[in-house]
Amino acid sequence: MTKRRIDAVEVCEGILRKEIENNEKNNIWPSINATVRVLLRQSRTMAPVYEELCELLPLERYVTSFLDALISTFTFWDEDDMRKAREERGRLIQINEDIADLATRLGDLLREREDICNRAGFGCERETGLAALFDRAGEHNPLYTLYPQDEFIRLTHRYEHKYWPSIEDLLSELASDAEQSEVYAHDAETEAGTSSRKPSQYDVLRAFQAKLDDYALGGELPSKLRLSDSAMATILNCITELDADSLVTAEYIKSFRQKERARAKSRQK
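Heads up: the sequence shown begins at 0 in numbering that gives the first Met the number 0, then just goes up one per residue.
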């Protein structure tokens with residue numbers, strides 16, 4: 000290896016070893032350490048990537064940020080994680096739909112029960128006031144009984160039943176809230192990694208790019224950092240320890256980037 004490459008390997012692997020040392024000292028992040036050790040085992044294969052990285056990022060703090068983004072993304076996001084995230088997103092959408100349907104149905108049932116009790120030969124014991132139900136619901140909450148309960152009860156005595164929303168109104172609002180709810184990801188990596196219609200190996204690359212963009216937004220990386228297609232392919236092959244038959248190529252990364260540019264343009268239209 001050339002001296003430049005040797006120096007780059009020393010810088011990058013020094014950062015990686017410090018990560019392990021710090022985590023072991025504080026007894027944290029064993030999963031992070033496992034990912035770091037994967038990279039250290041692939042030292043010779045990763046050497047040209049480290050050289051390119053140090054050429055693009057002359058400041059060591061930038062190199063540290065890049066490696067941190069790389070390690071955290073590939074530690075916490077793999078194909079199984081992405082698949083689970085997609086399933087949870089789909090389940091959350093379904094839950095909101097079910098809440099909207101059930102709240103609407105329950106409101107209809109309450110109205111029907113009230114109608115029967117008011118006009119038919121039968122009735123049933125029931126609580127029709129929202130304020131009274133609210134107070135009963137708080138009986139097992141010591142913070143409620145200790146602080147706002149007395150003030151709330153005074154309000155219920157001051158304002159009679161007609162001044163409060165009905166239980167049916169509350170359920171209608173609950174149904175509307177669930178129906179209008181937009182499901183969103185808590186972070187850019189999750190959003191990017193699950194944005195396509197079908198799962199693929201591209202998902203983790205999208206999550207990684209989103210992580211880099213997030214670091215750039217915070218000033219921890221240059222805003223237009225772009226490694227070569229071959230470097231990105233090497234990173235993916237090494238950090239995921241792909242079998243020889245499954246290795247990705249620079250052409251694979253090039254195709255991914257072209258598709259991402261096309262997706263970005265289509266979203267702007």
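Where a beta carbon is used, it is the ideal one built from N, C-alpha and C, also for glycine.
Check	Outcome
Exposure label - GLN267; buried when at least 16 CB within 10 Å	exposed
First and last residue of the uninterrupted alpha helix (DSSP H) at TYR201	201 to 216
Proximity below 8 Å, CB of LEU69 to CB of PHE207	yes
PHE121 versus LEU108: straight-line alpha-carbon distance, rounded	16 Å
Assumed close pair GLU150, TRP76 - CB separation to whole angstroms, cut-off 8 Å	Actually they do not touch by this definition, with Cβ atoms about 48 Å apart.
Continuous alpha helix (DSSP H) stretch holding TYR251: start and end	249 to 267
Local conformation of HIS139 per DSSP, three classes	coil
Cα-Cα separation, TYR201 to GLU78	10 Å
At least 3 beta-carbon pairs within less than 8 Å: the segment 83 to 102 vs the segment 32 to 40	no
Three-state class that DSSP yields for ARG125 in the structure shown	coil
Among SER30, ARG43, CYS123 and PRO29, the one whose alpha carbon lies nearest that of CYS11	ARG43
The segment 87 to 100 / the segment 164 to 180 touching (three or more Cβ pairs under 8 Å)	yes
Whether ALA230 touches PRO221 by CB criterion (8 Å)	no
GLY106 Cβ short of 7 Å to the ligand COA heavy atom set	Absence of the ligand COA from the depicted structure is noted, as is the absence of any ligand whatsoever, leaving it without description.
Nearest-angstrom beta carbon gap, LEU55 and LEU224 [assumed within contact, 8 Å]	6 Å
Contact under 8 Å by Cβ, ARG110 with GLU167	yes
Contact under 8 Å by Cβ, ILE5 with VAL62	no
Ranges of the alpha helix (DSSP H) found wholly within the segment 17 to 76, counting only runs of at least 4	29 to 40, 42 to 55 and 59 to 75
Buried versus exposed call for GLY192 [16 or more other C-beta atoms within 10 Å across all chains shown]	buried
Cβ neighbour criterion (16 or more within 10 Å) applied to MET0	exposed
Cβ-based burial, GLU50 [other Cβ within 10 Å; buried from 16]	buried
TYR162, DSSP secondary structure in three states	helix
Residues of its chain near LEU132, where Cβ-Cβ distance is below 7 Å and the 5 sequence neighbours each way are ignored	GLU126 and ILE166
Residue from LEU101, GLU190, ARG157 and ILE19 with nearest C-alpha to ASP67	ILE19
Residue span of the alpha helix (DSSP H) that contains LYS83, given as start and end	78 to 118
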